[in-house]
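Let me begin by presenting the structure, written as structure tokens, before commenting on it.
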Amino acid sequence: MASSAPESSNYDPSTFWVAPARNFRTSARLHLQHLLFQNTINFVLEPHVQAAVEGAKELRVADLGCGNGIWLSDLDGYLSKKGVSAKLDGYDVNPINFPAPPFLPETVTLNKLNVFTKPLPEELIGAYDIVHVRALVSVILNSDLTPLLSTALALLKPGGWLQWEESRADTYFVEAPSPEVSTNSLNTIIQILHAGGKARGVEFEFLGELDRHLKEHGFEDVHMQGIETRKQDKKAWTEDYLMVWEELAVHFPPKATAPGAPMTRESWVDLFAKAVGETEKGVVAHQGKVVTVVGRKAN
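The opening residue of the sequence shown carries number 5 in the working numbering; numbering runs sequentially from there.
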């Protein structure tokens, strides 16, 4: 249902979108994000991974940061058509978006787990043929991939494969349908996010060299590609980002408690409303490509 952009006078994200009753909204965004990734890459298992497991009768797969388990559910359908018996395990630090077990494929189990916690549960070490990662770039601090890649290596069997997909978070493109349409507010949001991420040690230049990082951590048969997003998906990518940005308001201080802050909650809401107005005039914001990288753990 369409609605007008919210005004700061009657809209407080701290009590509205982040209320527990509205966690469905985050899950809905994850469904959209999954659709957009799949529209772009056009595979569930990357071709090198698929070739490596072709003919397997049994597979065990882990999805790290699984969200609502949508990728695993898709994988279940893909493998079942090939007659593969599978045990598909999803792990996420926040289980709020997990579907109830009766509404998951029988092969899929979702578990609460911080995959960066060491030591990992003993029963998971060396247990998986495939470890899948998607859209975890925001939890990588100071471009240090060791925590994530060491976890993947620990979970994989010898000869098992890591499959990792990310949007190019190091780049943003804001495009107007015609020169007279303003993009000022969207560009301002992106500048704020870039500066805030840099201050927190969240930078994404390493995305252009994921293949090198995998090789340096001992992965073999590494393959990387960047795949252009489709122009017909640009509006949906924009809406996916808008849903994330809207929820950021709660992280800014209210004007009443921090009147001198460079960005208050109220000013963020106003800026966001203007950005939504730009998108309603046809402006899109996107990251251009999805990057995929795969690598095999040594035997």
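We treat Cβ as the ideally placed atom computed from N, Cα and C, and that holds for glycine.
Per-residue burial, residue i [other beta carbons within 10 Å of its own, 16 or more giving buried]
i: G71; result: buried
i: H217; result: buried
i: T296; result: buried
i: H255; result: exposed
i: V298; result: buried
i: F223; result: buried
i: H136; result: buried
CA-to-CA distance, residue j to residue i, given in whole angstroms
i: A289; j: Y176; result: 7 Å
i: E58; j: A302; result: 19 Å
i: D244; j: V141; result: 16 Å
i: A23; j: H52; result: Low confidence applies to A23: its pLDDT is 45, below 50, so where it sits in the model is not reliable, and the reading given next is rough at best. Using only the alpha carbons, I get a separation of about 42 Å.
i: L114; j: V273; result: 35 Å
i: D215; j: A262; result: 44 Å
i: A60; j: G87; result: 9 Å
i: Q42; j: R33; result: 14 Å
i: T155; j: G130; result: 10 Å
Coarse secondary structure for residue i, derived from DSSP in three states
i: T296; result: strand
i: I74; result: helix
i: F177; result: strand
i: S154; result: helix
i: L214; result: helix
i: M228; result: strand
i: E170; result: strand
i: L49; result: coil
i: R29; result: helix
Beta-bridge partners of residue i, as assigned by DSSP
i: L92; result: V65 and V112
i: W165; result: I134 and R300
i: A289; result: V178
i: L160; result: Y132
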